[in-house]
């Protein structure tokens, strides 16, 4: 029950690919279900493997959530892409299955130039091969009936016309089996660019390599604008995202605004070997330029006409209650024709008055 992590040089190019899919750490995973409606949260925790999620009998299911929350409405599909770091929520309706049936959640085969080049040469398997993930055993009848909702949450659409600028990120190999962004490898001491607080931007990822790159950013959520110019994006691209799959040869544009935290953050490829071999950048979110007004008091100065000599200054934070008034300990001094008293420090006293001297 140990993992042998010893990537060969080609595994650095493709990403380290295993030959067995684990679900919650378990090989050959299975789950007993009734023939009702189930909600599953899927997270791809693989080093590099991209899954094309489907049921073995092509049974449809609904995508209801992406990386960072629910979609505006459920979307019916028969398969969905899930790259390393991505999350998706799905509804699977088992009502058409009789107790005693089973169905497999699997990854469908797909062509990948990275996999065809020999990903997993040291004992793993290629990118894009068909894989069984887990089996659902329909054992019992469901109690009651549930239905897929028509709508979920309201998601405001970011307007590309309001974007202040477009940033281009070229994703490419960088010799000696390394991976770069705009020709540079990650340097912990280098900040590659600065982002103004609160301004909407378009980030354009251009994959000019032969391998898929799931790009992930810290400090903000984004919306996918288009793939290769088409705004008819994939169902799994909808909603609020923080990771997007950019396939070999693809250009994907996203809309993002940083308005939560200033500071230095990273964005990177979520393929572990690509990230570790240089495909990451530091960027700085600049502070909010809007000034925050703060009012502080270091002392309180009170004055009154000199003709009122002999009166006693009292203070209280509740003028409606005479019992709350207390004598101010500081003695006034006369300046020209006025009495002046200075009360140092920050005081919670809000009201002051003059009382006649005791008879």
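Residue numbers (this note's numbering): 3 to 361.
Note that beta-carbon positions come from the ideal geometry of N, C-alpha and C, so glycine has one too.
No experiment lies behind these values; they were computed from the predicted model shown.
- Shortest Cα-Cα distance from residue 141 to any of 98, 227, 217, 289 involves 98.
- Our two residues, residue 299 and residue 264, have alpha carbons roughly 29 Å apart in a direct line.
- Judged by pairs of C-beta atoms under 8 Å, the stretch 79 to 97 touches the stretch 58 to 69, as three or more such pairs exist.
- Assigned with DSSP and collapsed to three states, residue 90 falls in strand.
- With a cut-off of 8 Å on Cβ pairs, the stretch 240 to 248 is in contact with the stretch 214 to 221, counting three or more such pairs.
- For residue 251, the CB contacts under 7 Å within the same chain, skipping 5 residues up- and downstream, are 209 in chain order.
- In the structure shown, the three-state DSSP call for residue 22 is coil.
- Inter-segment contact for the stretch 184 to 196 and the stretch 280 to 287 is present: three or more beta-carbon pairs are separated by less than 8 Å.
- In this structure, the straight-line span from the alpha carbon of residue 59 to that of residue 289 is close to 52 Å.
- Here residue 175 carries a strand assignment [DSSP, helix/strand/coil].
- Per the Cβ contact rule, the stretch 6 to 17 is not in contact with the stretch 34 to 41 (fewer than 3 Cβ pairs under 8 Å).
- With contacts defined as CB atoms closer than 8 Å, residue 254 and residue 207 qualify as a contacting pair.
- Straight-line measurement puts the Cα of residue 89 at about 8 Å from the Cα of residue 70.
- Remark: three or more beta-carbon pairs, one from each stretch, lie closer than 8 Å, so the stretch 128 to 136 and the stretch 50 to 57 are flagged as touching.
- For the stretch 130 to 210, the full-length beta strand (DSSP E) segments reaching 3 residues or more read 133 to 142, 167 to 175, 181 to 183, 195 to 197, 202 to 209 along the chain.
- Separation of the CB atoms of residue 154 and residue 73 is rounded to 6 Å, and the pair is thereby assigned contact status at 8 Å.
- The Cβ atoms of residue 85 and residue 272 lie closer than 8 Å to each other.
- By the criterion of at least three beta-carbon pairs nearer than 8 Å, the stretch 19 to 38 is in contact with the stretch 133 to 149.
- Taking 8 Å as the cut-off, the Cβ atoms of residue 260 and residue 343 do not count as close.
- In the three-state reduction of the DSSP assignment, residue 36 falls in the strand class, which pools E and B.
- Taking C-alpha positions only, residue 331 is separated from residue 341 by approximately 15 Å.
- Leaving aside the five residues that flank residue 239 on each side, the residues in its chain whose CB is nearer than 8 Å to its CB run, in chain order, 68, 226, 229, 246.
- Residue 307 sits away from residue 357, with the two beta carbons spaced by 8 Å or more.
- Counting only runs of at least 3 residues, the stretch 38 to 78 fully encloses the following beta strand (DSSP E) elements, listed from N- to C-terminal order: 39 to 45, 53 to 57, 63 to 68.
- Residue 83 and residue 18 have their alpha carbons spaced roughly 19 Å apart.
- Here residue 282 is bridged, per DSSP, to 270.
- By the C-beta density criterion, residue 56 is buried, having at least 16 other C-beta atoms within 10 angstroms.
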